[in-house]
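Below is one structure; the comments refer to it alone.
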Amino acid sequence: MGQQHDAYFVPAKSTWPFVAAVVMFITVFGAAHWLNAEPGDAGFGKTVLSVGVIGVLGMFFGWFRSVINESLAGSYNHQVDTSFRMGMMWFIFSEVMFFGAFFGALFYIRMFSVPWLGGHGHGVLTHQFLWSDYAAAWGANGGNGPEQAGGAFRTVPAWGLPLLNTLILLTSSVTVTIAHHALRAGHRGRILLFLGLTVLLGATFLYFQAHEYIEAYKELNLTLHSGVYGSTFFLLTGFHGLHVTLGTIMLAVIWLRVLKGHFNKEHHFGFEAVAWYWHFVDVVWLGLFMFVYIL
Amino acid sequence: MSYAATHDQHDDHHGAPKSFFQRWFMSTNHKDIGTLYLIFSLTMFFIGGSFAMLIRAELFKPGMQLMQPYFFNELTTMHALIMIFGAIMPAFVGLGNWMIPLMVGAPDMALPRMNNLSFWILPFAFLLMLSTLFLPGGGPAGGWTMYPPLALQTDSLAYVVFAIHLMGISSIMGAINIIATILNMRAPGMDLLKMPVFVWSWLITAFLLIAVMPVLAGAVTMLLTDKYFGTNFFNPGGGGDPVLYQHIFWFFGHPEVYIMILPAFGIISEIVPTFARKPIFGYKAMVFAIACIAFLSFIVWAHHMFAVGLPLGAEIFFMYATMLISVPTGVKVFNWVATMWGGSMTFETPMLFALAFIILFTIGGFSGLMLALVPADFQYHDTYFVVAHFHYVLVTGALFAIIGSAYYWMPKWTGHMYNEFWGKVHFWNSVIWVNVLFFPQHFLGLAGMPRRIPDYNVAFANFNMISSIGGFLFGATQLIFVGVVIHCVFFSKKKATDRVWEGAKGLEWTVPSPAPHHTFEVPPVINDDELAHGHVND
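So the protein lines, in turn, are chains E and F. Just so we're aligned: 179 in the working numbering is position 179 of the first sequence, and the numbers increase by one with no gaps anywhere. Just so we're aligned: 1295 in the working numbering is position 295 of the second sequence, and the numbers increase by one with no gaps anywhere.
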């Protein structure tokens, strides 16, 4: 069962891919220099990194602008649409695997490495000879390892801000779905309202998350240095926060595109791709809420 | 299945562009991008190969001969990174780019601009990685696996980690593109179970790439934060575990091994039927075997870590799971043999490389089975036996398949036949010297010579000298290949026919040689008799 073709479409040549490769290179080259710079001597790396980041932003702006223009000109047929959809789905799958690495690390640390350091099962000798007074525990009473890396700390209680953030993200998933239904029904006012609400909810989530980080550093002494508890806490929530930031920006762009009338009932892949992405960050958050905050 | 030559009518925007920059830097053409990948891969092959020559020169005699130990460690690390991420993987992506659209009757890849980006990331990523050799602190020297805490000791870590991030982005985008092309761009009538095995092997490989490259990105990101941001993932004092890195790394690393061999299986499954003049034996079994191997690749990673101190239950599970892989792999080897059984065989250069692949890859598979035995692995671990094993599967396996495929498809790419005599000279020198190079390393390993050292006990001297001589000659032999390619592209007078090989079947052989800049702008009509595996019984 092969595919039905209306007419094949191969896009015109473009400088954007090459520009993208160059600006990505500048970004990571600057970042690597910056990381290795002597204290107080970070000027060169920082400058290159800034140039790279501005370049990446400009590249995204330019590349997406040309794609949007082609889309509005009606260049993209059904087959191209399907290719875009597949591209987005598999991209989200790759993101799932990326978070999988960090969740896997969290599970391994909690199930194996911390109990072993405490003398359970496999790690009895390490415990006996190196850290015989370490009692394996997670959270504030040992989550920073036998050497108390980063000093004593307290954890962020799950039933405060994190619960509120969970409700915010779940609500935003509902609002983006309402906006999607409105798009298919052709109610522009309702799309703008509910999509706008989704953007606001995303921004609120980010505000609370920033607030939580500041509190963790200032009040709880929970930092990146707080042993492996701090490592997993900040990398998991941090990468999730980055994805929410990206998702919020994408939703805002889609809101502007709805305002400009870029979508109709049939053609709104851009909207759907961002909606999928938003549901994905929502699901990741549920995993985080469960395994990082509650358990 | 007729190729309609429609491109004469609108030549202006369908021929190859005149401007060099437009054609090679702004391309959306799968053939040009495939060519870029192949040239890049060949370049990297020689850079990585020159590192291997230096390694073999240092190991020619016991004692410190030519270089400082740290530089030797840089060489082994860089040799692996370049060959894996710079030579083998881009070569397969290049072949996939060139051949998959031709094989499924698509006009191009599904996402042509992203295709160009996937390629252009790579030269920059390797520029970043190779530049570390000239940094004050030197390049990475802790082995390509970058185990902490050793890998955390060099300042080059940040550069290497970012280079790996870039390569990962490139691979993931390339893989997404290949999946979308195969699932969405096939010509009407090109059913999934009519696709050539090469296309199937790439579909499954692409899935593996998307599944594991992000995991590698995660692992190296943890290295980065451990070194520069004070996290404790791999520091037991902070509750972490260096073995955790090995688990995450090999969860990527083992599927990665199959990423480097499954497309090779696909290539051999194209070459053998052509020169045996018979359809492949057990087409469906071949496809399912690839899928089985891909599935198993996710549950065997800890066999790289038997000696690290795993719980007994884990060692037994991973030992048995690993041995299970020999079942689908055996299916493939036996089916290639059965394909040749009773065929009218001829032995052109691609077929010679395919035959060498079947025999020598199987030797590599057998030494893999030996390594899978936990009690035996305690002896073999980190010895030259391991080096011999993975060079048999990667050099006489993956690389031989790539070279064979280059000979097989070069007439289609260039429109000219390569020189068969020099092709055969290249083959026989390769196959002899590669065995002189790697076979003695089995003995060295069994006798206890550790890998990744610049100096060794005099007891190992003779086999090391033989191995080095084989290495120099194998390296020199590859220059013949460059000569054959240059001759074929620029000087060969012998025109290739469209079909090229008498027994060749499949859509790619119905387009003219050289393949025009754009093919299948009108979807071809699929005629089952013309397909390599057209009649698949249920």
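Built from N, CA and C at the ideal position, the CB exists for glycine as well. For clarity, every value in this text was computed on a predicted model and none was experimentally measured.
| Query | Result |
| --- | --- |
| Please check the pair residue 296(E) and residue 252(E), which I expect to be a contact at CB under 8 angstroms, by giving their CB distance rounded to whole angstroms. | Lying outside 1 to 295, the shown extent of chain E, residue 296(E) is not represented and no answer is given. |
| Can you list the alpha helix (DSSP H) stretches of 4 or more residues lying completely in the stretch 114 to 156 of chain E, in chain order? | 114 to 117, 124 to 129 |
| Quick one: grab the DSSP three-state call for residue 1450(F). | strand |
| Starting from residue 79(E) and walking both ways along the alpha helix (DSSP H), at which residues does that stretch end? | 78 to 108 |
| Please confirm if residue 130(E) has its CB atom under 9 angstroms from at least one CB of chain F. | yes |
| Taking buried to mean at least 16 other C-beta atoms within 10 Å of its own C-beta, is residue 268(E) buried or exposed? | buried |
| At the level of alpha carbons, what is the spacing between residue 23(E) and residue 1177(F)? | 22 angstroms |
| I'd like to know if residue 1(E) contacts chain F, where contact means its C-beta is closer than 9 angstroms to some C-beta of that chain. | Residue placement at residue 1(E) is flagged as unreliable, the pLDDT there being 31, under the threshold of 50; the coordinate-derived value follows with that caveat. Judged by the 9 angstroms Cβ criterion, residue 1(E) is in contact with chain F. |
| For the stretch 105 to 117 of chain E, which residues have a CB atom closer than 9 angstroms to at least one CB atom of chain F, in sequence order? | 105, 108, 109, 112, 113, 114, 116, 117 |
| Output the residue ranges of the alpha helix (DSSP H) runs that lie fully inside the stretch 1348 to 1385 of chain F and measure 4 residues or longer, sorted by chain position. | 1349 to 1372, 1374 to 1380 |
| Using the rule of at least 16 other Cβ atoms within 10 Å of the residue's Cβ for burial, across every protein chain shown, is residue 189(E) buried or exposed? | exposed |
| With DSSP collapsed to three states, give me the class of residue 1006(F). | Because the pLDDT at residue 1006(F) is just 38, under 50, the model does not fix this residue reliably, and the value given afterwards should be weighed accordingly. DSSP places residue 1006(F) in coil when its eight states are reduced to three. |
| Under the rule that 16 or more other beta-carbon atoms within 10 Å means buried, what is residue 976(F), buried or exposed? | Because chain F spans 1001 through 1538 in this model, residue 976(F) falls outside it and cannot be assessed. |
| Could you name the residues of chain F that residue 301(E) contacts, counting a contact when the two beta carbons are closer than 7 angstroms? | Since the first residue shown for chain E is 1 and the last is 295, residue 301(E) is missing from the structure and cannot be characterised. |
| Report the rounded CA-to-CA distance for residue 1183(F) versus residue 82(E), giving the unit in angstroms. | 10 angstroms |
| List the residues of chain E that residue 1479(F) touches, going by C-beta distances under 8 angstroms, in chain order. | Those do not exist, as residue 1479(F) stays about 30 angstroms from chain E at its closest Cβ, beyond 8 angstroms. |
| Considering residue 246(E), what are the terminal residues of the alpha helix (DSSP H) in which it resides? | 227 to 259 |
| Return the first residue and the last residue of the alpha helix (DSSP H) that residue 1218(F) is part of. | 1197 to 1228 |
| Terminal residues of the continuous alpha helix (DSSP H) containing residue 1284(F)? | 1283 to 1296 |
| Take residue 1102(F) and list the residues in its own chain whose beta-carbon comes closer than 7 angstroms to its own, dropping the five residues that flank it on each side. | 1507, 1508, 1511, 1515, 1519 |
| Roughly how many angstroms separate the alpha carbons of residue 225(E) and residue 211(E), rounded to a whole number? | 19 angstroms |
| Can you name the residues of chain E whose CB is closer than 9 angstroms to the CB of residue 1222(F)? | 101, 102, 105, 231, 235 |
| In whole angstroms, what separates the C-alpha of residue 1276(F) from that of residue 120(E)? | 60 angstroms |
| Which whole-angstrom value is the C-beta distance of residue 1074(F) and residue 1138(F), which I expect to be below 8 angstroms? | 6 angstroms |
| Can you confirm whether residue 1308(F), when its beta carbon is compared against all beta carbons of chain E, has any partner nearer than 9 angstroms? | no |
| Are there 16 or more other CB atoms within 10 angstroms of the CB of residue 99(E), so buried, or fewer, so exposed? | buried |
| Kindly say whether residue 1254(F), judged by its beta-carbon, lies nearer than 9 angstroms to any beta-carbon of chain E. | no |
| Hey, how far is the Cα of residue 1158(F) from the Cα of residue 1078(F)? | 15 angstroms |
| Expressed to the nearest angstrom, what Euclidean distance is found between the alpha-carbon atoms of residue 53(E) and residue 1477(F)? | 45 angstroms |
| Just to confirm my understanding: we take residue 173(E), look at its own chain, exclude 5 residues before and 5 after, and list those with CB closer than 8 angstroms. What are they? | 278, 279, 282 |
| In chain order, what residues of the stretch 137 to 154 of chain E put their CB closer than 7 angstroms to some CB of chain C? | Absence of chain C from the displayed structure is noted, the protein chains being E and F. |
| Leaving out the 5 sequence neighbours to the left and right, which residues in its chain are closer than 6 angstroms to residue 1444(F) when beta-carbon positions are compared? | 1384, 1460, 1463 |
| So with CB distances below 7 angstroms, who are the chain F contacts of residue 79(E)? | 1184 |
| Cβ closer than 7 angstroms: which chain E residues qualify as neighbours of residue 1268(F)? | Under the 7 angstroms cutoff, chain E gives no residues; its nearest Cβ is about 26 angstroms from residue 1268(F). |
| Could you please give the first and the last residue of the uninterrupted alpha helix (DSSP H) stretch that includes residue 55(E)? | 43 to 72 |
| Residues of chain E with a CB under 9 angstroms from the CB of residue 1064(F): which are they? | Under the 9 angstroms cutoff, chain E gives no residues; its nearest Cβ is about 30 angstroms from residue 1064(F). |
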